[in-house]
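In our numbering, the protein residues as written are -13 to 320.
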């Protein structure tokens, strides 16, 4: 696939639509309603679970090429349609799509997967901003956060202008006319049909409110760093939404693991899925605690002392790792 082929007019373009074997398309119940997901079971001994959050006007299918290699590495992968995206319905009120509400949706999804081992959160583009907000609100459920092609704050000026024009045009001419303006030459085949169908099924209120968020999102990197959650900043070699040097700087500020996928643009998940999946699973695997056998106790008394010491350490450890003071409340979008 040529660079940029997976990124069509600002929207990720999946390379295929047929899920790999072992992937179940279903609706996942949560405390905040049901969400359409692609649920891929791990192969072999399960190492953890990945929750994959798509970007602006995207969907769970944007991760379809990652599911096979992620599950082959021993991870369950759950790709989700957010509220108002593609096959997950949403209300007409734009308030339902503010950043805080969407972050609460991610936390509800995380709770639904809580009993399935370490949970690694990944957000692509807008999904990175949503995922970051979820971790800031409650870092507890997450073993790590990967920000894929997602920057510290709002998108570039040129992209802000494009999103503004799109959002203003939606209520005036409707979604179909906006799509035709974006894609004056229709893409043939099932991928083109899918992308149009996905766009038309995305709720206009969701598209407009999340577009506002992309244009005005402030820099929250300090808040994210304060959570202590391990972060992975992953991108392609080029990016039109957040310049790659800005992503380098963000990774330094977060003391994050940094990966640049050769030959990829804004959507390495569809442009270079094998390399992207390997980078993800290598990062997740590096976070697993190494289990070492405890030295044998020389006597029953020493064994009892070892048990007491481990219990004391379990009590004291949370206090040692206490995070900084209370986080400021997430500001409303509008």
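Glycine included, each C-beta is placed from N, C-alpha and C at the ideal position.
C-beta contact flag for residue i and residue j at 8 angstroms
i: residue 322; j: residue 99; result: Residue numbering for the chain in the displayed model covers -13 to 320; residue 322 lies beyond these limits and cannot be assessed.
i: residue 226; j: residue 250; result: no
i: residue 61; j: residue 34; result: yes
i: residue 330; j: residue 207; result: Examination of residue 330 is not possible in this model, given that the chain is present from -13 through 320 alone.
i: residue 260; j: residue 55; result: yes
i: residue 8; j: residue 27; result: yes
i: residue 182; j: residue 168; result: no
i: residue 170; j: residue 178; result: no
i: residue 127; j: residue 93; result: yes
i: residue 48; j: residue 139; result: no
i: residue 156; j: residue 194; result: yes
i: residue 116; j: residue 210; result: no
i: residue 185; j: residue 161; result: yes
i: residue 97; j: residue 120; result: no
i: residue 247; j: residue 265; result: yes
i: residue 129; j: residue 273; result: yes
i: residue 252; j: residue 269; result: no
i: residue 267; j: residue 59; result: yes
i: residue 200; j: residue 141; result: yes
i: residue 103; j: residue 12; result: no
i: residue 101; j: residue 187; result: no
i: residue 131; j: residue 118; result: yes
Status (buried if at least 16 other CB within 10 Å, exposed otherwise) for residue i
i: residue 77; result: exposed
i: residue 218; result: buried
i: residue 46; result: buried
i: residue -1; result: buried
i: residue 2; result: exposed
i: residue 17; result: exposed
i: residue 112; result: buried
i: residue 137; result: buried
i: residue -3; result: buried
i: residue 258; result: buried
i: residue 216; result: buried
i: residue 80; result: buried
i: residue -7; result: Note on residue -7: pLDDT 46, under 50, position unreliable in the model; the coordinate value appears next. It is buried - the Cβ of residue -7 has at least 16 other Cβ atoms within 10 Å.
i: residue 202; result: exposed
i: residue 30; result: exposed
i: residue 281; result: Caution is warranted here: a pLDDT of 36 is assigned to residue 281, below 50, making its placement in the model unreliable, and the coordinate value is therefore given only provisionally. Classification for residue 281: exposed.
i: residue 69; result: buried
i: residue 114; result: buried
i: residue 163; result: exposed
i: residue 175; result: exposed
i: residue -9; result: The predicted model places residue -9 with a pLDDT of 48, which falls under 50 and marks its position as unreliable; any figure quoted below should be read in that light. Residue -9 should be labelled exposed.
i: residue 44; result: buried
i: residue 256; result: buried
i: residue 159; result: exposed
Whole-Å CB distance - residue i paired with residue j, under 8 angstroms assumed
i: residue 71; j: residue 192; result: 7 angstroms
i: residue 220; j: residue 196; result: With 8 angstroms as the limit, residue 220 and residue 196 do not qualify as a contact, their Cβ atoms being about 21 angstroms apart.
i: residue 38; j: residue 63; result: 6 angstroms
i: residue 53; j: residue 24; result: 7 angstroms
i: residue 135; j: residue 254; result: 7 angstroms
Where the alpha helix (DSSP H) through residue i begins and ends
i: residue 90; result: 85 to 98
i: residue 272; result: 259 to 272
i: residue 13; result: Not the alpha helix (DSSP H): residue 13 falls in the beta strand (DSSP E), residues 9 to 16.
i: residue 150; result: 143 to 159
i: residue 231; result: 230 to 240
Enclosing beta strand (DSSP E) for residue i [first to last residue]
i: residue 62; result: 61 to 66
i: residue 220; result: 217 to 222
i: residue 244; result: 243 to 247
heavy atom of the ligand COA below 7 angstroms from residue i C-beta
i: residue 23; result: Among the ligands in the structure shown, none appear at all, so the ligand COA cannot be discussed.
Runs of alpha helix (DSSP H) wholly within the region 167 to 210 (minimum 4 residues, chain order): Runs of the alpha helix (DSSP H) inside the region 167 to 210: 175 to 187 and 190 to 202.
Secondary structure, alpha helix (DSSP H): runs of 4+ residues fully inside the region 107 to 131: Complete alpha helix (DSSP H) runs here, min 4: 112 to 123.
Residue ranges of each alpha helix (DSSP H) within the region 21 to 64, 4 or longer: Listed in chain order, the complete alpha helix (DSSP H) runs (minimum 4 residues) inside the region 21 to 64 are 50 to 58.
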